[in-house]
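Take the position in the sequence shown, starting the count at 1, then add 30; the result is the number in my numbering. We treat Cβ as the ideally placed atom computed from N, Cα and C, and that holds for glycine. Predicted model only: the values in this text are computed from it and were never measured.
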Amino acid sequence: MRQDPTLSPPEAHTVSAFCPYRGLLPYGAEDADSFFGREDDVTACLRRLRDAGVLTVVGPSGIGKSSLVLAGVVPALTRAGTSVFVTTPGAHPLDSLTGLKPRGRQTLVVDQAEEAVTVCFHAAERERYFAALAAHVGAGGALVLSLRADHIGDLAPYPDVARVLEEGLYLLGPMGEADLRSAVEGPARRAGLRLEPGLVDLLVREVEGEPAALPLLSHVLRETWARREGPTLTVAGYRDTGGVRHAVAQSAEALYDSMDDAQRGRLRSLLLRLVTPSEDGDAVRARLSRANLAMDEAHLQLVEQLVDARLVSIDGDTVQIAHEALFRVWPRLRGWLDDDVEGQRLCHHLVGAADAWDAMDRPESELYRGLRLTRTLEWRERARPDLNDIECAFLAESSALSESELRTAQERVRRERRVNRRLRGALTGVAVLAVFGLVTGVLAVRSAERSEGDRDRARSAADLADARAAGAVALQHQDRSVTQFATLRADRIGLFDGTTGAPQGTISLPSLTPAARITYLPDSSGLLVAGLDGRTWTVDTKQGPWVDRACAIAGRNLSHAEWKEYFPGRAYEITCPQWPAGS
31 MRQDPTLSPP EAHTVSAFCP YRGLLPYGAE DADSFFGRED DVTACLRRLR
81 DAGVLTVVGP SGIGKSSLVL AGVVPALTRA GTSVFVTTPG AHPLDSLTGL
131 KPRGRQTLVV DQAEEAVTVC FHAAERERYF AALAAHVGAG GALVLSLRAD
181 HIGDLAPYPD VARVLEEGLY LLGPMGEADL RSAVEGPARR AGLRLEPGLV
231 DLLVREVEGE PAALPLLSHV LRETWARREG PTLTVAGYRD TGGVRHAVAQ
281 SAEALYDSMD DAQRGRLRSL LLRLVTPSED GDAVRARLSR ANLAMDEAHL
331 QLVEQLVDAR LVSIDGDTVQ IAHEALFRVW PRLRGWLDDD VEGQRLCHHL
381 VGAADAWDAM DRPESELYRG LRLTRTLEWR ERARPDLNDI ECAFLAESSA
431 LSESELRTAQ ERVRRERRVN RRLRGALTGV AVLAVFGLVT GVLAVRSAER
481 SEGDRDRARS AADLADARAA GAVALQHQDR SVTQFATLRA DRIGLFDGTT
531 GAPQGTISLP SLTPAARITY LPDSSGLLVA GLDGRTWTVD TKQGPWVDRA
581 CAIAGRNLSH AEWKEYFPGR AYEITCPQWP AGS
């Protein structure tokens with residue numbers, strides 16, 4: 031028995047009362063003594079970090095990236111005297127860098143770096159965050175990241191940090207058989223536990239070649255430890271767990287079955303709050319403060335139950351699902367997630383918006399409005415989620431503000447309608463007045479035109495009568511000078527022969543012997559009198575002393591003033607060489 035330590039009686043071993051396996055939780059720096067199976071990877075990572083100043087551990091979910099960095103690389107750096115600052119980005123990645131010392135004095139470790147693009151939805155903040163990482167390296171600081179392989183392409187829009195990270199790229203693959211045996215046997219040996227022969231072989235066969243099986247392996251070992259016989263982990267205990275692929279689902283379902291309907295409703299609501307769909311539709315873990323989840327004592331007890339079952343983890347005041355493997359292997363949770371993807375997005379946005387509103391002293395500008403408020407209220411009515419006091423107050427204030435703005439808008443519409451009706455009435459009145467004014471104006475113009483026409487016709491009639499009177503004088507009077515003056519008067523009126531005269535018009539003088547015609551000269555300087563016998567007379571219209579002599583027209587004498595009235599604008603002197611001097 032002394033030759034084989036495994037044959038020693040149990041009382042000869044110091045058996046730890048604590049399980050050496052972390053279940054779904056990643057190994058941290060405090061678990062470095064129980065972290066086995068990745069010794070070669072730790073050595074390679076430290077060498078890459080030393081050579082490039084940057085280490086980017088990339089691999090699929092469940093490969094063990096976080097455990098490698100936190101339980102392997104970080105303890106090695108700390109033992110070497112290096113100052114290390116460990117962060118996770120979260121919804122506001124810039125806030126995670128608050129405690130980082132300037133000018134490269136620390137090695138910055140970013141675990142789950144994909145959260146900067148899967149949880150943070152502000153493009154400008156993401157850009158500033160990655161610029162800060164590049165600046166840290168540029169200032170001489172070392173940088174270590176763990177990043178899911180399916181999100182490495184998300185760094186392409188940030189070339190500064192992408193070029194830096196690719197220099198220290200380390201692709202983490204699945205464990206080989208030797209490493210898997212070490213990961214199972216090493217923690218058991220340190221805890222003083224025995225492994226029943228055949229158990230390790232069974233476990234290795236179950237997970238070998240599976241890149242995302244490590245958290246499931248750790249969980250099934252923890253469940254096997256809970257079913258141990260003394261210090262020995264048995265094959266029977268392992269089979270009772272449901273095996274590697276069913277142990278997690280069996281543990282979660284057992285917890286669900288132990289609850290009543292009210293507790294199950296709280297469980298569903300709480301787990302959905304801890305999951306958010308990424309921009310590409312994949313479910314990712316969300317970190318929430320315990321205050322956001324512990325709405326009352328019942329919710330607080332539920333959180334503790336989930337922690338005890340290793341389905342969620344608590345880091346300080348932050349709560350999150352233990353591992354994303356839970357989404358894949360627990361069918362009930364998978365069904366909840368598939369039922370209401372949009373509801374998860376609304377819930378996640380509501381949590382962040384309500385927290386920001388409360389932190390900013392609850393301003394109206396941060397409240398929901400419009401379509402987002404409508405959709406969130408419809409989701410709350412449909413899903414009946416458990417909301418904390420801040421979230422309930424946020425939605426209540428948003429609804430009240432929306433109703434107030436709606437009433438204000440309706441009142442404004444009513445006022446505008448009244449004003450529009452008054453304007454339409456006023457415009458109708460103005461239009462009627464304008465039409466009335468237009469009609470009145472047209473009638474006035476037509477009346478004025480008729481009056482003007484009547485005056486013209488009266489004037490023409492008077493002129494015609496006057497011309498006929500002058501013509502009668504011209505036809506009957508024997509004195510040539512009187513005849514010519516009468517003829518000139520009739521011609522000036524333009525109506526002697528019943529037509530309108532013109533500067534070059536002609537009138538007949540049938541009383542002249544012999545018969546003659548009078549024609550205006552083209553320059554309007556006088557009249558040309560031509561007799562039918564060939565004799566001509568010139569009637570000069572220039573002013574002369576003879577105009578003061580009286581002349582009888584139509585049986586009466588004209589004074590000088592009357593003469594001007596008959597011949598306005600000028601005086602006329604008619605002379606004729608054949609007449610006696612002074613005629």
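> Can you find at least 3 beta carbon pairs, one from the region 249-260 and one from the region 52-65, that sit closer than 8 Å?
Replying inline: Enough Cβ pairs lie closer than 8 Å, so yes.
> Going by C-alpha distance, which of Gly467, Arg317, Arg303, His353 is nearest Leu247?
Replying inline: Of Gly467, Arg317, Arg303, His353, the smallest CA-CA separation from Leu247 is found for His353.
> Which word fits Pro187, buried or exposed, when buried means at least 16 other C-beta atoms lie within 10 angstroms of its C-beta?
Replying inline: So Pro187 counts as exposed.
>> So if DSSP puts Thr148 in a beta bridge, which residue, or which two residues, is it bridged to?
In response: Partner(s): none; Thr148 has no beta bridge.
> Do you know how far the Cα of Pro123 is from the Cα of Ala153?
Replying inline: Pairing Ala153 with Pro123, the inter-Cα distance amounts to about 11 Å.
> Mapping DSSP to helix, strand and coil, what is Leu352?
Replying inline: Note that residue 352 is Ala in the sequence shown here, rather than Leu. In this structure, Ala352 counts as coil in the three-state DSSP scheme.
> On the three-state DSSP scale, how would you describe Arg340?
Replying inline: It is coil, neither helix nor strand.
>> Here's a check: name, in chain order, each residue in its chain whose Cβ is nearer than 6 Å to the Cβ of Gly83, leaving out the five neighbours to either side.
In response: Residues Ala172 of the same chain have their beta carbon placed closer than 6 Å to that of Gly83, with the five preceding and five following residues left out of the count.
> Bridge partners of Thr438, per DSSP?
Replying inline: Answer is none; Thr438 lacks a bridge partner.
>> Here's the rule: buried if 16 or more other CB atoms are within 10 angstroms of the residue's CB, otherwise exposed. What is Arg224?
In response: With 16 or more other CB atoms across the displayed protein chains lying within 10 angstroms of its CB, Arg224 is buried.
> Contact check, Thr117 vs Val139 under 8 Å by CB: the rounded distance?
Replying inline: About 7 Å; that satisfies the 8 Å criterion.
>> Per the DSSP calculation, Ala292 is bridged to which residue(s)?
In response: Under the DSSP definition of a beta bridge, Ala292 lacks any partner.
> In whole angstroms, what is the alpha-carbon distance linking Thr264 and Arg258?
Replying inline: In a straight line, the C-alpha of Thr264 is about 6 Å away from that of Arg258.
>> Using the three-state DSSP reduction, which class does Asp345 fall into: helix, strand or coil?
In response: Asp345 falls in the strand class under three-state DSSP.
>> Is it buried or exposed, Pro119, if we count other Cβ atoms within 10 angstroms and call 16 or more buried?
In response: Under this definition Pro119 is a buried residue.
> On the three-state DSSP scale, how would you describe Ser490?
Replying inline: Reduced to three states, the DSSP call for Ser490 is helix.
>> If contacts are defined as beta-carbon pairs under 8 Å, then Gly198 and Leu297 qualify, I think. What distance do you get, rounded to the angstrom?
In response: The pair is not a contact, with the Cβ atoms about 42 Å apart (cut-off 8 Å).
> Any idea if Gln142 is buried or exposed, counting beta-carbon neighbours within 10 angstroms, 16 or more meaning buried?
Replying inline: By the Cβ neighbour-count rule, Gln142 is buried, with 16 or more other Cβ atoms within 10 Å of its own.
>> Am I right that Leu436 and Trp409 are in contact with their C-beta atoms under 8 Å? What's the rounded C-beta distance?
In response: Actually they are not in contact, since the Cβ atoms of Leu436 and Trp409 sit about 20 Å apart, beyond 8 Å.
> Where Glu215 and Glu238 are concerned, what is the direct C-alpha to C-alpha distance, given to the nearest angstrom?
Replying inline: Linking Glu215 to Glu238 through their CA atoms gives a straight-line distance of about 15 Å.
>> Quick check on this structure: which residue in Ala339, Arg317, Trp366 has the alpha carbon closest to the alpha carbon of Asp347?
In response: In terms of CA proximity to Asp347, Arg317 leads the group Ala339, Arg317, Trp366.
> Where does Ala172 fall in DSSP's three states?
Replying inline: Under the three-state reduction of DSSP output, Ala172 falls in the strand class.
>> Since Val167 and Val194 should fall inside the 8 Å C-beta cutoff, what is the C-beta to C-beta distance between them, to a whole number of angstroms?
In response: Rounded, the Cβ-Cβ distance is 5 Å, consistent with contact.
> With respect to the alpha helix (DSSP H) encompassing Leu201, which residues constitute its N-terminal and C-terminal limits?
Replying inline: Per DSSP, Leu201 is not a residue of any alpha helix (DSSP H); the beta strand (DSSP E) it occupies stretches across 199-201.
>> On the criterion of 16 or more Cβ atoms from any shown chain inside 10 Å, does Ala355 qualify as buried, or is it exposed?
In response: By the neighbour-count rule (16 or more Cβ atoms within 10 Å), Ala355 is buried.
> Among Arg487, Thr137, Val234, which has the Cα closest to the Cα of Gly111?
Replying inline: With distances taken between Cα atoms, Gly111 lies closest to Thr137.
>> Determine whether the beta carbon atoms of Leu98 and Leu185 lie at a separation below 8 Å.
In response: Taking C-beta atoms as the reference points, Leu98 and Leu185 fail to come closer than 8 Å.
>> Given this structure, state the Cα-to-Cα distance separating Ala384 from Val333, to the nearest angstrom.
In response: Between Ala384 and Val333, the alpha-carbon positions lie close to 21 Å from each other.
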